[in-house]
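J.: So that we are looking at the same thing, I have put the structure below in structure tokens.
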Amino acid sequence: MQNESLLKPVKTLIEAMEAEDAELIRAQFSETATQAYGAGGIMKTPEETKKWIESDIIERQGKVANPEFTVISKNEVVVKGQYSSRGYTNKANFLFTVENGLITGWRMRY
């Protein structure tokens, strides 16, 4: 049961990205959500993260093909698959942190 509640915002995000549903994408993130590139990358501020979600995910129509979801801890989910957005493609290896039913962290681990 806990895995399902942990997976819910992440699965909803990936489905919303596929549907290009900007409102549903935004709704999966906490107000204090942060994002970073790479395993050791510095997390953006919540304000920078909101701008990044708009510019890099919503406007560029980011999607994950064939997503595979793995719960790796009590509040972390990994999503693997093939990421693509306008003008870009790469293997997805995303680490999401989920707290209180919302995504609080998104680390893009390429």
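Numbering (the working numbering) for the sequence shown: 18 to 127.
Cβ coordinates follow ideal geometry from the N, Cα and C atoms, glycine included.
Note that the structure is a prediction, hence the values are computed from the model and not measured.
Can you tell which of 58, 97 and 101 has its C-alpha closest to the C-alpha of residue 78?
T.: Here residue 78 refers to the residue found at position 61 when the sequence shown is read from its first residue. Out of 58, 97 and 101, 101 has the C-alpha closest to the C-alpha of residue 78.
J.: Can you give the beta carbon distance from residue 50 to residue 122, rounded, assuming they're within the 8 Å contact cut?
T.: Taking the sequence shown and counting its residues from 1, the one referred to as residue 50 is at position 33. Taking the sequence shown and counting its residues from 1, the one referred to as residue 122 is at position 105. That belief holds up - the Cβ atoms of residue 50 and residue 122 are roughly 7 Å apart, short of 8 Å.
J.: Where does the unbroken alpha helix (DSSP H) through residue 44 begin, and where does it stop?
T.: As a working note, residue 44 is residue 27 in the sequence shown. Unbroken alpha helix (DSSP H) run through residue 44: 39-44.
J.: Which stretch, first to last residue, makes up the alpha helix (DSSP H) that contains residue 19?
T.: As a working mapping, residue 19 is identified with position 2 in the sequence shown. Start and end: 19-36.
J.: Going by Cα to Cα distance, which pick from 126, 120 and 104 is closest to residue 31?
T.: Residue mapping note: residue 31 aligns to position 14 of the sequence shown, counting from 1. It is 120 whose Cα lies nearest to the Cα of residue 31.
J.: In three-state terms, what does DSSP make of residue 64?
T.: Against the sequence shown, residue 64 aligns to sequence position 47. In the structure shown, residue 64 sits in a helix (DSSP, three-state: H, G or I).
J.: Can you give me the C-alpha to C-alpha distance between residue 25 and residue 92, rounded to a whole angstrom?
T.: Mapped onto the sequence shown, residue 25 falls at position 8. Mapped onto the sequence shown, residue 92 falls at position 75. Roughly 12 Å between the two C-alpha positions.
J.: Could you tell me the distance, in whole angstroms, from the CA atom of residue 103 to the CA atom of residue 89?
T.: Against the sequence shown, residue 103 aligns to sequence position 86. Against the sequence shown, residue 89 aligns to sequence position 72. The straight-line gap from Cα to Cα measures roughly 30 Å.
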